[in-house]
Each structure stands twice: as structure tokens, then as C-alpha cells.
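The next block holds one structure in the form of C-alpha cells; read it before the comments.
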Amino acid sequence: DLGKAAEAYARVGIAVNDAFICCWKCKYTYNLVRPVSYIRSVIDANWTPLLPTPNFPEHLSGHSTQSGAAAQVLSDAFGYSFAFSDSTHLSRGFAPRAYKTFFEAADEAAVSRLYGGIHFRNANEVGLSEGRKIGRNVSALKFKRSL
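Going by the numbering used here, the letters in the sequence shown line up with residues 10 to 156, in that order.
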């Protein structure tokens, strides 16, 4: 249904935008150190994360906050058991990723930031939670006109 898809795209756009605002407000409110800085000063001066470390504060994880918001809106629109596969990186030699729910994909996006060494677990978990709250609020918005 084209109308439902268009509305879902609009709501995801609103939710992801609001998630960015929330995330960046938290980053500069809490101004927490990145794992690389902590690990190098306390544990191992030569440690290097898998992913390049961004040059802004750690908490919240932007990927987690955005993914949580998008997953909530998409689940509200298309159901909480919407299975799908992602073939985005097929051309780079990666196998398609299969997910049972949008939340499963969001959780994987969040934990990737931990595995990459650029976020602590708390930044991912709180990011997902805040994102889902934002998504619920966006899903509850009453649009003036429906397609």
C-alpha cells in the first residue's frame, strides 16, 4: 500500500531526526569519554579500536538511538513480527543479513558500536531505549491528512 509506505517513510524521517537531536543533546550534556581514551589511560596505552573513533563525546550512541527510533516506528506501522533481509553489502562480498523483527536489526546495529570499540554498552542500551521512546511518540502523532 503506497499510502502506508509513504506515511511510514515520513514517520521514520521525523523519528530519526528527533533521535539525532536527543543524542547530540546528551553527548554535550554528559560529555563522556570514549573507550579508546579510557582504555589507553588506564589499561593499555597501545590499544586501538576496530573502528575509527569519532571526535565527539561518547554518550549516547547515535546509531543506537536512530535505530531504536526507526525500529519502533516501523514495528508500529508494519507489525512486531515483520521479517526481512538486508542485502546492502552483497556487492562487497558480505552475505545478506536476515532479521525476524525491526528490533532485532536495531539491536545488531547498536552492538556493532560496542564491538567496534567506539561506545560503552550503556551508551548503546540507553540509546536504543531513548530511540524507542521517540519512535512511540512519533507513531502517536496524528497527521492532518492520511493518504
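For glycine and all other residues, C-beta sits at the position ideal for the given N, C-alpha and C. Model, not experiment: these values are computed from the prediction.
(message) For Ser84 and Asn55, what's the separation of their Cα atoms in angstroms?
(response) The count along the sequence shown starts at 1 and reaches residue 84 at position 75. The count along the sequence shown starts at 1 and reaches residue 55 at position 46. Answer to the nearest angstrom: the Cα atoms are 43 Å apart.
(message) For Gly1 and Val82, what's the separation of their Cα atoms in angstroms?
(response) Summary: the structure shown does not reach residue 1, with the chain confined to residues 10 through 156, and so no result is reported for it.
(request) Indicate whether the contact test is met: 3 or more Cβ pairs, each with one atom in the stretch 68-81 and one in the stretch 115-131, closer than 8 Å. (result) yes
(request) Measure the C-alpha to C-alpha separation of Leu60 and Lys153 and round it to an integer number of angstroms. (result) Locating residue 60 in the sequence shown gives position 51, where the first residue counts as 1. Locating residue 153 in the sequence shown gives position 144, where the first residue counts as 1. Straight-line Cα distance between these residues: approximately 43 Å.
(request) Taking 8 Å as the threshold, find out whether the stretch 60-76 comes into contact with the stretch 31-43 through three or more Cβ pairs. (result) Look at the beta carbons and you see the stretch 60-76 touching the stretch 31-43: at least three pairs across the two are nearer than 8 Å.
(request) Identify which residue in Gly77, Gly22, Val51, Tyr37 has its Cα closest to the Cα of Phe7. (result) With the chain covering only 10 through 156, there is no way to say anything about residue 7.
(message) Give me the residue from Arg20, Lys13, Asp10 with the minimum Cα distance to Asn146.
(response) Here residue 146 refers to the residue found at position 137 of the sequence shown. For Asn146, the nearest C-alpha among the options comes from Arg20.
(message) On the CB-based measure, 16 or more other CB atoms within 10 Å of its CB, does Ala92 come out buried or exposed?
(response) For the purposes of this step, residue 92 is taken as residue 83 along the sequence shown, with counting starting at 1. So Ala92 counts as exposed.
(request) Note down the Cα distance separating Ala104 from Ser148, rounded to an integer number of angstroms. (result) For the purposes of this step, residue 104 is identified with residue 95 of the sequence shown, where counting begins at 1. For the purposes of this step, residue 148 is identified with residue 139 of the sequence shown, where counting begins at 1. Those two C-alpha atoms are separated by around 32 Å.
(message) On the CB-based measure, 16 or more other CB atoms within 10 Å of its CB, does His128 come out buried or exposed?
(response) Start at 1 with the first residue of the sequence shown, and residue 128 comes out as number 119. By the neighbour-count rule (16 or more Cβ atoms within 10 Å), His128 is buried.
(request) Return yes when at least one heavy atom of the ligand PLP lies under 7 Å from the C-beta of Ser100, else no. (result) This structure does not include the ligand PLP; it has no bound ligands of any sort.
(message) What would DSSP say about Arg141, mapped onto helix, strand or coil?
(response) As a first step, residue 141 must be located in the sequence shown, where it is residue number 132. Arg141: helix per DSSP, three-state reduction.
(message) For Pro63, count the other beta carbons within 10 Å of its own beta carbon; 16 or more makes it buried, fewer makes it exposed. Which is it?
(response) Residue numbering aside, residue 63 sits at position 54 when the sequence shown is read from its first letter. So Pro63 ends up on the exposed side.
(message) So, at 8 Å on beta carbons, what are the nonlocal neighbours of Tyr124 in its own chain, with the 5 sequence-adjacent residues on each side left out?
(response) Locating residue 124 in the sequence shown gives position 115, where the first residue counts as 1. Here the set comprises Leu59.
(message) So, for Leu99: in the same chain, excluding its five sequence neighbours on each side, which residues have a beta-carbon less than 7 Å away from its beta-carbon?
(response) The count along the sequence shown starts at 1 and reaches residue 99 at position 90. These residues qualify, in order along the chain: Pro105.
(request) Note down the Cα distance separating Gly12 from Gly126, rounded to an integer number of angstroms. (result) Mapped onto the sequence shown, residue 12 falls at position 3. Mapped onto the sequence shown, residue 126 falls at position 117. For Gly12 and Gly126, the distance between alpha carbons rounds to 40 Å.
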